[in-house]
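Trainee:
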Amino acid sequence: MMSKIKSENNYRVTIEQVNASDNGKTLQFEFEDREDLFNVVENLKKGSGLEAPIATRVAVALRLLGPVMMKNRKHALFIDFMPHFKVFMQHLKNTVKKSAQEK
1 MMSKIKSENN YRVTIEQVNA SDNGKTLQFE FEDREDLFNV VENLKKGSGL EAPIATRVAV
61 ALRLLGPVMM KNRKHALFID FMPHFKVFMQ HLKNTVKKSA QEK
């Protein structure tokens, strides 16, 4: 029997400072995620009730922070926040799911 292994999605994030009067700064990094970030963005745009640009930012922020927190959930920086993050994510997922069912 073949097991279905979900491959990682690889992304590169580039942030450019656009309001600098001279040489704006640039920050770039790569990361892997089990989720398809583009699907996450689209789902939040459709079902979160947020304006599209805000939903995009929230989706990207959550996919950057969430896996880091899960991997380091016992780290002092995350231990107190983790239960609240879990509740927030459950609420967000239920909101998006409910919105999709209503359409």
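In terms of the UniProt record's numbering, the sequence shown opens at residue 1 and continues consecutively.
In this text, a Cβ means the ideal position worked out from N, Cα and C, and glycines have one as well.
Please name the residue, chosen from 77, 36, 92, 42, that lies closest to residue 56 on a Cα-to-Cα basis.
Mentor: The candidate whose alpha carbon is nearest that of residue 56 is 42.
Trainee: Taking one C-beta from the stretch 76-88 and one from the stretch 35-54 each time, how about it: are there three or more such pairs within less than 8 Å?
Mentor: In short, these stretches do not touch, since the Cβ pair count stays below three.
Trainee: For residue 67 and residue 23, I'd like the C-alpha separation in whole angstroms.
Mentor: Spanning the two alpha carbons is a distance of roughly 33 Å.
Trainee: Taking the beta strand (DSSP E) that residue 17 belongs to, which residues open and close that run?
Mentor: Careful: residue 17 lies outside any beta strand (DSSP E) and carries neither H nor E.
Trainee: Could you give the first and the last residue of the continuous alpha helix (DSSP H) run that contains residue 92?
Mentor: 82-102 is the span of the alpha helix (DSSP H), which, as asked, contains residue 92.
Trainee: If I measure Cβ to Cβ from residue 52 and keep anything under 6 Å in the same chain, skipping five residues before and after, which residues do I get?
Mentor: Taken in chain order, the residues that qualify are 45.
Trainee: Which of helix, strand or coil does DSSP assign to residue 51?
Mentor: In the structure shown, residue 51 sits in coil (DSSP, three-state: anything other than H, G, I, E or B).
Trainee: In this structure, does DSSP put residue 39 in helix, strand or coil?
Mentor: In the structure shown, residue 39 sits in a helix (DSSP, three-state: H, G or I).
Trainee: Whole angstroms is fine: what's the gap from residue 70's alpha carbon to residue 31's?
Mentor: Residue 70 and residue 31: Cα-Cα distance of roughly 15 Å.
Trainee: Output needed for residue 58: all residues of its chain with C-beta closer than 8 Å, excluding positions within five of it in sequence on either side, in chain order.
Mentor: Taken in chain order, the residues that qualify are 44, 48, 50.
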